[in-house]
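Novice: Mind looking over this structure? Questions follow.
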Amino acid sequence: MITSRTRYNFVLILLAVALMVHYVNASEPKIHGIKAGMSTAFALETDSAFFLIDAGSPGQERGIMRKLKKIASKPLKLIILTHSHFDHFGSAGKLRELTGAPITISAPDSQALVEGRTDIPLTHSWGRVGKVLQPVVEAILRVRPVIPDIILHDGDSLDSYGLPATVVFTPGHTPGAITIFLREGTAFVGDLIVVHPSLKAQNYYATDWRDIALSLKKIQMLNPTVIYSGHSQKPVDRDGFLHLSPFLPAVKQ
Ligand SMILES: [Zn+2]
């Protein structure tokens, strides 16, 4: 027989579950992929603000701002750059001018950013073509140096800025390439992987292919639930990512 006491307890349990679900959902940022020229910027929307992971190619600031305004009327709190390549930092300076949001990058990539440099010492496959075209593309797009406001270190928490996330160093594509790992398990790996024409470990541009292999292993071991690359608005296939083999060319370095 169901007593009123049992019914009361049941309602209490339901209430507690509902509150828990609400709390978990409220603390998880919503993810909005924004096509931003040659790469993808990600707007992470919390209850009170936006956080931007990467800032697209130069000249994308208006488009990014339009998209943010369309989603919600919230301030941009932080611009987090995964690495110093112009297709990821290109509009960062202009976005800071428009919003006042500080720009963050890892310590090892900060000098390249200050000088507006996109270093790609090692190339493979279509990366070789990219390297030949790079100076022309940079001149056309008018790549400008960016002075960062905040320098990130491996293991830094972004909680104090209002984003439940950790900075994980994943060097190899650049010396200071990072992955942003949200507390709930989503990983933004930047150019650690490529997605076009198919999902692979980064095999076009590197400063050190072995470092990329180690970084890939590191993120695979962390077992992310959802993975975003820096060049697609859609998450990559999780199982495919967890089983990716690194690209290790048989060359003397
Ligand atoms: Zn890159």
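235 is the number that the working numbering gives to position 247 of the sequence shown; each next residue is one higher, with no gaps.
Just so you know, even glycine gets a beta-carbon here, dropped at the ideal spot from N, CA and C.
Treat the numbers as computed from the prediction; the structure is a model and nothing was measured.
(1) Taking 7 Å as the line, does the beta carbon of residue 112 fall inside it for any heavy atom of ligand 1?
(2) Would the beta-carbon of residue 184 be found less than 7 Å away from any heavy atom of ligand 1?
(3) For residue 137, is the classification buried or exposed, using 16 other Cβ atoms within 10 angstroms of its Cβ as the cut-off for buried?
(4) When the Cβ atoms of the stretch 56 to 71 are set against those of the stretch 110 to 118, are three or more pairs found closer than 8 Å?
(5) CA-CA distance, residue 203 and residue 21?
(6) Is there contact here, the stretch 100 to 113 with the stretch 44 to 58, by at least three beta-carbon pairs under 8 Å?
(7) By DSSP's criteria, residue 188 is part of a beta bridge. Which residues make up the other side?
(8) Rounded to a whole number of angstroms, what is the C-alpha to C-alpha distance between residue 128 and residue 25?
(9) What do you reckon, is the C-beta of residue 216 under 7 Å from a heavy atom of ligand 1?
(10) Going by beta-carbon coordinates alone, are residue 29 and residue 19 separated by less than 8 Å?
(11) For the beta strand (DSSP E) that residue 204 lies in, which residues bound it at each end?
(12) How close, in whole Å, do the beta carbons of residue 164 and residue 71 come, if the pair is a contact with beta carbons under 8 Å?
(13) Quick check on the DSSP output: the alpha helix (DSSP H) that includes residue 158 runs from which residue to which?
(14) Is residue 71 near ligand 1, in the sense that its beta carbon is under 7 Å from a heavy atom of that ligand?
(15) Just to confirm before moving on: does the CB-CB distance between residue 101 and residue 43 stay below 8 Å?
(16) Verify whether the separation of the beta carbon atoms of residue 199 and residue 190 is less than 8 Å.
(17) Thinking just about the alpha-carbon of each residue, which of 222, 195, 48, 17 is nearest to the one in residue 38?
(18) Thinking C-alpha only, which one of 92, 192, 89, 98 is nearest residue 112?
(19) Taking just the CA atoms, how far does residue 154 sit from residue 148?
(20) List the DSSP bridge partners of residue 32.
(21) Whole angstroms are fine: how far does the CA of residue 221 sit from the CA of residue 145?
(22) Could you compute how far the alpha carbon of residue 207 sits from the alpha carbon of residue 141?
(23) Does the beta-carbon of residue 179, which I'm using as the reference point, lie nearer than 7 Å to any heavy atom of ligand 1?
Specialist: Quick answer:
(1) no
(2) no
(3) exposed
(4) no
(5) 23 Å
(6) no
(7) 182
(8) 13 Å
(9) no
(10) no
(11) It is not in any beta strand (DSSP E) - residue 204 instead sits in the alpha helix (DSSP H) that spans 197 to 209.
(12) 7 Å
(13) Taken as a continuous stretch (DSSP letters only), residue 158 belongs to no alpha helix (DSSP H), as it is neither H nor E.
(14) yes
(15) no
(16) no
(17) 17
(18) 192
(19) 11 Å
(20) 19, 39
(21) 24 Å
(22) 16 Å
(23) yes
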